[in-house]
Amino acid sequence: MSANKPLLEARQLVVKYKNYRAIDGLDLSVPAGCVYALLGGNGAGKTSTINTFLGFNRPTSGNVFIDGESPEQNPAVVRAKLAYLPENVALYEYLSGVENLSFFCTLADIRLSRQHAHDLLANTGLQSDAHDRRVSTYSKGMRQKVGLAIASAKQAKVMLLDEPTSGLDPSAANDFARRIRAAADLGMAVLMATHDLFNAKQVADRIGIMKAGRLVEEFDAHTVAHDELEHKYLAHARGLL
Amino acid sequence: MIVAIIRKELLAVVRDGRLLVLAFSVFALLSGFFLASISEHQQLQQEKQAVGASAKQQWDTQGVKNPHAAAHFGIYVFKPDSPLASIDPGLRHYTGQTLWLEPHKRNGARFSPAADQGLASRFGQASAGFVLVALLPLLVVALAFNAVTLEREQGTLRMLHSLGVSAMQLLLGKFIGLLLAFLLVLLPAMGLAMIILYRNFDLTGDDSLRLLALGASFFIYYAVFAALAMSTSIHFHSSRLALFALLAFWSGSVLIAPRLGAAAAEAWMPIPAATAFWAAIKDDIQQGLDNDGDHEKREALFNVQLLKQYAATRIEDLPVGYAALKRSFNDGYSARVHALHFDRLSDAFERQSRFIHIASLLGPSIAMRSVSMTLSGMDLAHQRHFEDAAENYRHYFIGLTDDWDRERSHGTEHGAQGHDDDWASVKAFRYQSPPVGFALHHALADLLVLLAWLVAALIALLFSAKRLKP
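Residue numbers (my numbering), protein chains in the order written: chain A, 4 to 244; chain B, 17 to 486.
1. Identify the residues that DSSP records as bridge partners of Phe222(A): which are they?
2. Can you list, in chain order, the residues of its chain whose CB lies under 7 Å from that of Leu208(B), leaving out five sequence neighbours each side?
3. Let's test the definition: count the other Cβ atoms within 10 Å of the Cβ of Trp284(B) and tell me whether it reaches 16, buried, or not, exposed.
4. Give every residue of the same chain whose Cβ lies closer than 6 Å to the Cβ of Val29(B), excluding the five residues on either side of it in the sequence, and list them in chain order.
5. Shorter than 7 Å from the beta carbon of Pro274(B) to some beta carbon of chain A?
6. Which whole-angstrom value describes the C-beta separation of Ile53(A) and Asp208(A), a residue pair presumed to lie in contact below a C-beta threshold of 8 Å?
7. Quick check on the DSSP output: the beta strand (DSSP E) that includes Tyr20(A) runs from which residue to which?
8. Report the rounded CA-to-CA distance for Gly170(A) versus Ala183(B), giving the unit in angstroms.
9. Beta carbons nearer than 7 Å to chain A: which residues of the region 157-182 of chain B have them?
10. Is the CB-CB distance between Gly43(A) and Ile212(A) below 7 Å?
11. Taking only the alpha-carbon atoms, compute the straight-line gap between Thr175(B) and Gly189(B) and give it to the nearest angstrom.
12. Work out the CA separation of Asp462(B) and Ile192(B) for me, nearest whole Å.
13. In the DSSP assignment, what residue or residues form a beta bridge with Ser64(A)?
14. What residues from chain A crowd round Arg31(B), counting only those whose CB sits closer than 7 Å?
15. Count the C-beta pairs between the region 467-476 of chain B and the region 243-252 of chain B that are closer than 8 Å, then say yes if the count reaches three, no if not.
16. Between Lys482(B) and chain A, is any beta-carbon pair separated by less than 7 Å?
17. Report yes if the C-beta distance between Gly58(A) and Ala25(A) is below 7 Å; otherwise report no.
18. Kindly list the residues whose CB is nearer than 7 Å to the CB of Leu38(B), restricted to its own chain and excluding five residues on each side of it in sequence; keep chain order.
19. Of the residues Lys160(A), Pro173(A), Leu85(A) and Arg181(A), which one's Cα is nearest the Cα of Thr127(A)?
20. State buried or exposed for Lys482(B), treating a residue as buried only when at least 16 other CB atoms are found within 10 Å of its CB.
21. Between the alpha carbons of Val149(A) and Arg217(A), how many angstroms are there, rounded?
22. Using the three-state DSSP reduction, which class does Arg114(A) fall into: helix, strand or coil?
23. Give a yes or no on whether the minimum CB-CB distance between Arg82(A) and chain B is below 7 Å.
24. Do Asp76(B) and Ala440(B) have their C-beta atoms within less than 7 Å of each other?
25. Here's the rule: buried if 16 or more other CB atoms are within 10 angstroms of the residue's CB, otherwise exposed. What is Val270(B)?
26. List, in order along the chain, the chain B residues whose C-beta lies closer than 9 Å to that of Tyr23(A)?
27. For Ile212(B), which residues from the same chain have a beta carbon less than 8 Å from its beta carbon, with the 5 sequence-adjacent residues on both sides left out?
28. Quick check: what's the CA-CA separation for His311(B) versus Ala69(B)?
29. If you follow the alpha helix (DSSP H) that Arg400(B) is part of, which residue opens it and which one closes it?
30. Where Ala176(A) and Leu232(A) are concerned, what is the direct C-alpha to C-alpha distance, given to the nearest angstrom?
31. Three or more C-beta pairs closer than 8 Å, one from the region 114-126 of chain B and one from the region 401-417 of chain B: is that the case here?
32. Flag this pair as yes or no: are the beta carbons of Lys235(A) and Glu220(A) separated by less than 7 Å?
33. Between Leu110(A) and Ala159(A), is the Cβ-Cβ spacing less than 7 Å?
34. On a Cα-Cα basis, can you pick out the residue from Asn103(A), Asn91(A) and Glu12(A) that is closest to Ser32(A)?
35. Going by other Cβ atoms of all chains shown within 10 Å of its Cβ, with 16 needed for buried, is Asn82(B) buried or exposed?
36. Can a CB atom of chain A be found closer than 7 Å to the CB of Pro486(B)?
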């Protein structure tokens with residue numbers, strides 16, 4: 004596989020909900036090893052974009068591809084390649100961290116030994132005494148670590164994150180960003196919808212600003228200044244640009 | 017994948033404290049009703065045996081008297097209830113279980129004071145059967161109403177979809193898991209019931225087969241509620257709305273449909289009042305059926321044929337007792353009229369029952385209630401079977417007394433006498449309940465209704481699967 008070949012790609016993507024154009028001609032590409040942060044206000048189309056890559060939304064026109072496969076045409080193949088972490092990683096409250104991990108992995112056709120499950124959770128930084136506790140006692144950050152463990156177990160090529168650091172304390176957000184960066188450095192393509200400019204600048208390689216379903220600005224996260232990014236983001240959000 | 021989902025659902029039940037409370041409640045409720053039913057059942061059987069033995073003893077020791085006078089002493093017979101009646105006493109309170117057998121007239125146990133109650137009374141007496149038919153579907157609803165809405169509300173549905181779990185796999189796993197969880201909750205109560213049943217009664221192979229069929233029918237019944245609950249859980253986006261919708265369906269099926277069906281059947285297919293029923297029999301006996309002629313004409317014709325048969329010119333000269341012969345002749349005609357009217361009445365009851373099943377469109381509970389009563393041997397068909405057997409027995413012992421009366425007298429003389437040896441030679445009434453095949457035959461329509469509900473519920477689930485979106 005070529006290093007430049009996009010693992011995540013949207014081509015002239017349009018998604019309509021009845022008469023409302025949630026995504027309006029989106030072109031986006033995220034290669035392996037790249038973290039792409041999608042910024043934008045509420046209703047800009049970030050979550051709709053994630054949902055379309057997940058196959059939850061059907062494109063009205065245009066296409067999306069994950070490692071060259073269409074989620075519409077090959078949903079099973081696509082879902083085997085991606086990991087998804089929503090804002091609140093949804094887990095079963097009455098199962099422990101290990102049990103949740105094993106259950107979701109079984110559904111993804113991955114057989115985990117108990118030890119392997121513990122190792123995966125430990126690798127995400129989840130304290131070992133929490134592994135066998137019910138997740139009803141977990142904080143949001145701990146749940147996200149279980150989500151990361153699922154992604155790791157799947158050996159997913161692509162990770163879709165929807166507002167992952169919302170509600171996390173700074174230390175947990177920083178830890179999470181570090182782990183996402185590490186995953187990308189191992190070759191994963193990451194698409195992250197977020198409101199968090201600091202987090203986007205910290206972890207992403209590229210940053211896009213969405214507005215009314217369109218990608219209106221793109222930046223190299225390594226070169227754009229934080230002030231410039233903030234200025235552009237707020238200007239778009241306030242309709243000044 | 018499906019096995020993992022089933023396992024997860026079961027784990028949820030085991031770890032969910034509320035469900036343990038439910039299981040305990042079900043255990044207490046079902047065991048309480050069952051123990052009460054067993055106690056009532058045993059008490060009734062003991063009373064029946066005691067009264068039956070006492071009545072036969074009295075019959076056997078009537079002393080020297082005219083055989084027909086002895087027949088008028090009459091015999092009480094009792095319907096021995098199946099052990100399964102302790103699960104579902106069915107129509108016991110409605111029909112009565114005792115028949116008074118006497119000459120000239122066929123009595124009906126069903127014309128008890130309860131017959132004046134509404135038709136709906138056939139559908140509800142507090143019993144283990146009532147808990148199984150009416151209350152346990154609520155447990156299924158409690159387990160299933162948020163089976164999908166909760167996944168949606170908690171966001172796990174999106175996680176499952178993102179992992180490539182198809183709606184069909186998810187629903188199938190949840191459906192099976194739900195049924196297994198329900199059985200798990202039910203197991204302690206059912207286990208206790210079976211132990212009590214097998215310890216207290218000598219269950220025959222036929223009883224066991226009936227029990228098996230009953231269990232299978234209830235399983236279908238609960239599967240209907242489970243499938244509908246899951247479809248509802250998919251249809252509604254909120255657990256609360258799903259619960260309201262399911263409670264409305266439960267009310268319709270368990271509470272409204274039987275009463276609505278009964279009220280409609282009473283209005284459209286009324287059963288004759290007891291007074292009108294007996295008056296019609298009396299009238300037909302007096303006036304005669306079709307072209308038979310009235311009582312006097314039939315008797316005159318009988319006299320002519322009798323004199324011809326015995327080559328006699330006067331009744332007084334007959335070599336056998338005339339009174340007994342005339343009585344046999346009249347009783348024979350009376351039995352024919354009785355059979356005709358009783359058959360019509362039974363048919364009317366069956367038509368009513370069938371009509372009530374139109375209300376099965378509102379839910380499967382009417383059909384399940386009927387299946388439960390039939391397999392427990394406590395429905396109209398079994399009652400009719402018992403009454404027909406009792407009527408045959410009435411013919412047997414009245415025939416015997418008429419034979420003694422006829423053979424021990426002649427002409428118009430009334431001197432025939434019988435003794436204790438004669439009375440004791442009358443065999444006791446031994447009722448043999450019909451086999452399971454009889455019950456299944458009579459429950460067939462209701463079983464088909466249940467199966468139709470199951471198919472409809474599964475189709476609804478199938479279509480719901482297509483609507484399942486994260």
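Yeah, the Cβ is synthetic: ideal placement off N, Cα and C, and Gly gets one too. Everything numeric in this text was worked out from a predicted model, so none of it was measured.
Straight from the coordinates:
1. Residue 222(A) sits at position 219 when you count from the first residue of the first sequence. The partner list for Phe222(A) (beta bridge, DSSP) reads Ile210(A).
2. If you number the second sequence from 1, residue 208(B) lands on position 192. Cβ within range, chain order: Ser47.
3. In the second sequence, counting from the first residue as 1, residue 284(B) sits at position 268. With fewer than 16 Cβ atoms within 10 Å of its Cβ, Trp284(B) is classed as exposed.
4. By one-based count along the second sequence, residue 29(B) stands at place 13. So the list reads Leu35 and Ala197, once near-sequence residues are dropped.
5. Numbered from 1 along the second sequence, position 258 holds the residue referred to as residue 274(B). No, because no Cβ of chain A sits closer than 7 Å to the Cβ of Pro274(B).
6. Counting from 1 along the first sequence, the entry for residue 53(A) is found at position 50. Counting from 1 along the first sequence, the entry for residue 208(A) is found at position 205. Wrong, their Cβ atoms sit about 18 Å apart, outside the cutoff.
7. Here the question's residue 20(A) lines up with position 17 in the first sequence. Unbroken beta strand (DSSP E) run through Tyr20(A): Pro9 to Tyr20.
8. Within the first sequence, the letter at position 167 stands for residue 170(A). Within the second sequence, the letter at position 167 stands for residue 183(B). Annotation: Gly170(A) to Ala183(B) spans about 31 Å, alpha carbon to alpha carbon.
9. Gln170, Gly171, Thr172, Arg174, Met175, Leu176, His177, Ser178, Leu179, Gly180 and Val181
10. The sequence position of residue 43(A) within the first sequence is 40, counting from 1. The sequence position of residue 212(A) within the first sequence is 209, counting from 1. For Gly43(A) and Ile212(A), yes; Cβs fall inside 7 Å.
11. Working through the second sequence from its first residue, we reach residue 175(B) at position 159. Working through the second sequence from its first residue, we reach residue 189(B) at position 173. Rather than Thr, the amino acid found at residue 175(B) in this sequence is Met. The straight-line gap from Cα to Cα measures roughly 16 Å.
12. Counting from 1 along the second sequence, the entry for residue 192(B) is found at position 176. Counting from 1 along the second sequence, the entry for residue 462(B) is found at position 446. C-alpha separation (whole angstroms): 24 Å.
13. Position 61 of the first sequence, counted from the start, is the residue given in the question as residue 64(A). BP columns for Ser64(A) point to Val17(A).
14. Numbered from 1 along the second sequence, position 15 holds the residue referred to as residue 31(B). What Arg31(B) touches in chain A: Tyr97.
15. Between the region 467-476 of chain B and the region 243-252 of chain B, the count of Cβ pairs shorter than 8 Å is three or higher; the stretches touch.
16. The residue labelled residue 482(B) in the question sits at position 466 within the second sequence. Answer no: the Cβ-Cβ gap between Lys482(B) and chain A never drops below 7 Å.
17. To locate residue 58(A), count along the first sequence from 1; it is residue 55. To locate residue 25(A), count along the first sequence from 1; it is residue 22. Not closer than 7 Å, so no.
18. Along the second sequence, one-based indexing puts residue 38(B) at 22. Leu155, Ala158 and Val201, listed in sequence order.
19. By 1-based counting over the first sequence, the position of residue 127(A) is 124. When each option's Cα is compared against that of Thr127(A), the closest is Arg181(A).
20. The residue labelled residue 482(B) in the question sits at position 466 within the second sequence. Lys482(B) is exposed by the Cβ-count criterion.
21. The residue given as residue 149(A) occupies position 146 in the first sequence. The residue given as residue 217(A) occupies position 214 in the first sequence. Roughly 33 Å between the two C-alpha positions.
22. Against the first sequence, residue 114(A) aligns to sequence position 111. Correct three-state label for Arg114(A): coil.
23. Taking the first sequence and counting its residues from 1, one reaches residue 82(A) at position 79. Yes, Arg82(A) counts as interfacial toward chain B.
24. Translated into positions along the second sequence, residue 76(B) becomes position 60. Translated into positions along the second sequence, residue 440(B) becomes position 424. The answer is yes: Cβ separation under 7 Å.
25. Your numbering for residue 270(B) matches position 254 in the second sequence. Answer is buried; the Cβ neighbour count reaches 16.
26. Counting from one through the first sequence, the residue named residue 23(A) turns up at place 20. Residues of chain B passing the Cβ test: none, with the nearest at roughly 17 Å.
27. By one-based count along the second sequence, residue 212(B) stands at place 196. Contacts found: Phe50, Leu51 and Ile54.
28. In the second sequence, the residue the question calls residue 311(B) occupies position 295. In the second sequence, the residue the question calls residue 69(B) occupies position 53. His311(B) and Ala69(B) have their C-alpha atoms spaced approximately 38 Å apart.
29. Within the second sequence, numbered from 1, the residue matching residue 400(B) stands at position 384. Per DSSP, the unbroken alpha helix (DSSP H) holding Arg400(B) starts and ends at Leu396 to Glu423.
30. As a first step, residue 176(A) must be located in the first sequence, where it is residue number 173. As a first step, residue 232(A) must be located in the first sequence, where it is residue number 229. Taking the straight line from one Cα to the other gives about 20 Å.
31. yes
32. For the purposes of this step, residue 235(A) is identified with residue 232 of the first sequence, where counting begins at 1. For the purposes of this step, residue 220(A) is identified with residue 217 of the first sequence, where counting begins at 1. Yes; because the gap between Cβ atoms is below 7 Å, this pair is in contact.
33. In the first sequence, the residue the question calls residue 110(A) occupies position 107. In the first sequence, the residue the question calls residue 159(A) occupies position 156. Taking 7 Å as the Cβ cut-off, Leu110(A) and Ala159(A) do not qualify as a contacting pair.
34. For this step, residue 32(A) is matched to residue 29 along the first sequence. For Ser32(A), the nearest C-alpha among the options comes from Glu12(A).
35. Locating residue 82(B) in the second sequence gives position 66, where the first residue counts as 1. It is buried - the Cβ of Asn82(B) has at least 16 other Cβ atoms within 10 Å.
36. Within the second sequence, the letter at position 470 stands for residue 486(B). Yes, because at least one Cβ of chain A sits closer than 7 Å to the Cβ of Pro486(B).
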